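Asks: FYI, in numbering that gives the first Met the number 0 the residues of the sequence shown are 0 to 243. Pasting in a structure now, in structure tokens, and then I'll have a few things to ask.
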Amino acid sequence: MDVTEATFATDVIERSKQVPVVVDFWAEWCGPCRQLGPVLERAVAERGGKIELVKVDTDSNEQLARAFSIQGIPAVKAFKDGSVASEFVGVQPPDAVDRFLDALLPSEADGLVTQGDEASLRRAVELEPARADAAVPLAKMLHARGETDEAAAILEPVSGSFAADGLLARIDLERAGTPELGDAFAALDAGATERGLDLLLDAIASADGDRDELRKVIVGVLDELGPESELARASRRRLAVALY
0 MDVTEATFAT
10 DVIERSKQVP
20 VVVDFWAEWC
30 GPCRQLGPVL
40 ERAVAERGGK
50 IELVKVDTDS
60 NEQLARAFSI
70 QGIPAVKAFK
80 DGSVASEFVG
90 VQPPDAVDRF
100 LDALLPSEAD
110 GLVTQGDEAS
120 LRRAVELEPA
130 RADAAVPLAK
140 MLHARGETDE
150 AAAILEPVSG
160 SFAADGLLAR
170 IDLERAGTPE
180 LGDAFAALDA
190 GATERGLDLL
200 LDAIASADGD
210 RDELRKVIVG
220 VLDELGPESE
230 LARASRRRLA
240 VALY
């Protein structure tokens with residue numbers, strides 16, 4: 000399908016929020032473009048509608064070419080969720096084009112995480128042990144059943160996740176047998192998040208060696224509430240005061 004400056008926003012930017020859209024910037028006079036075009040078309044067709052391919056004639060759509068800094072053609076840009084996800088310039092062999100396209104598609108682990116049941120999450124963790132969006136929900140299931148050792152082991156490979164760090168810290172505190180935290184954890188488990196946070200924040204003031212673990216638990220809860228939560232914003236301010 001040919002796309003123009005008038006249709007680019009709809010046919011590429013908006014459409015890429017549903018399915019990856021590969022844009023082939025080309026021109027009629029460009030010999031390498033005519034070489035690459037059929038390779039792209041075959042490879043996209045082989046993926047059965049999971050990726051869409053459109054073409055932009057740079058001679059007829061000079062503003063688009065400038066907007067996307069097209070210096071040479073053929074230039075291929077893949078759009079996902081409204082923005083450029085990957086790109087290449089020049090003729091590429093079929094196997095390179097295949098790798099480029101396959102990287103745009105959900106992995107096996109992506110599909111398993113979407114399913115969300117325990118068996119699927121276990122398989123996703125096997126495939127990608129450091130994947131937080133698989134490890135954290137699985138660890139929560141195990142923790143809720145009292146299988147804390149396995150939950151902790153699943154969380155260990157995960158880095159850069161406040162939720163994973165928070166649950167690991169909670170497990171450590173529970174193992175240490177800190178009785179005054181029982182009501183806070185029970186409130187969180189019952190969905191009484193505000194009460195749970197209040198109790199944890201109160202506990203930080205009198206905590207000694209457990210302050211960092213408590214901080215991680217609180218930050219994990221705030222992360223799951225999200226940046227738009229007023230409760231998270233208020234609790235974050237209280238946490239800063241309690242710590243500093």
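We put the beta carbon where it would ideally sit given N, CA and C, even for glycine. As the structure is a prediction and not an experimental result, all values here were calculated from the model.
If contact is defined by three or more beta carbon pairs under 8 Å, each pair taking one atom from either stretch, is the segment 106 to 115 in contact with the segment 133 to 145?
Replies: Taking 8 Å as the limit for Cβ pairs, the verdict is that the segment 106 to 115 does touch the segment 133 to 145.
Asks: What is the residue span of the beta strand (DSSP E) that SER205 lies within?
Replies: It is not in any beta strand (DSSP E) - SER205 instead sits in the alpha helix (DSSP H) that spans 192 to 205.
Asks: Take MET140 and list the residues in its own chain whose beta-carbon comes closer than 7 Å to its own, dropping the five residues that flank it on each side.
Replies: Take MET140, set aside five residues on each side of it, and the residues of its chain with a beta-carbon closer than 7 Å to its own are GLU117, in chain order.
Asks: Please confirm whether LEU154 and ALA138 have their CB atoms less than 7 Å apart.
Replies: yes
Asks: Using beta-carbon positions only, say whether LEU198 and ALA175 come within less than 7 Å of one another.
Replies: no
Asks: In the segment 116 to 193, which residue ranges form an unbroken alpha helix (DSSP H) of at least 4 residues, counting only runs that do not cross its ends?
Replies: 117 to 126, 131 to 143, 147 to 154, 161 to 175, 181 to 188
Asks: How many angstroms separate the CA atom of VAL220 from the CA atom of ASP10?
Replies: 39 Å
Asks: Excluding the 5 residues preceding and the 5 following GLY71 in the sequence, name in chain order all residues of the same chain whose CB lies nearer than 8 Å to its CB.
Replies: In chain order, VAL88, GLY89 place their CB closer than 8 Å to the CB of GLY71, counting only its own chain and leaving out the 5 sequence neighbours on each side.
Asks: Rounded to a whole number of angstroms, what is the C-alpha to C-alpha distance between GLU125 and SER205?
Replies: Straight-line measurement puts the Cα of SER205 at about 40 Å from the Cα of GLU125.
Asks: Would you give the residue range spanned by the alpha helix (DSSP H) that LYS215 belongs to?
Replies: LYS215 -> alpha helix (DSSP H) spans 210 to 224.
Asks: Under three-state DSSP, which class holds ASP94?
Replies: helix
Asks: Is LEU35 closer than 7 Å to ALA77 when the C-beta atoms are compared?
Replies: no
Asks: With a CB to CB cut of under 8 Å and the five nearest residues on each side skipped, what residues in its chain are close to ILE217?
Replies: GLY165, LEU196, LEU199, LEU200, ILE203, SER234, LEU238
Asks: Does the beta-carbon distance from GLU51 to VAL20 come in below 7 Å?
Replies: yes
Asks: With a threshold of 16 other CB atoms inside 10 Å of the CB of LEU172, please say whether the residue is buried or exposed.
Replies: Here LEU172 is buried: its Cβ has 16 or more other Cβ atoms, across all protein chains shown, within 10 Å.
Asks: State the start and end residues of the unbroken alpha helix (DSSP H) segment that holds ALA44.
Replies: 30 to 44
Asks: Would you mind stating whether ALA42 and LEU120 have Cβ atoms separated by less than 7 Å?
Replies: no
Asks: Within the same chain, show all residues whose beta-carbon is closer than 6 Å to that of ILE12, passing over the 5 residues directly before and after it, in chain order.
Replies: GLY81
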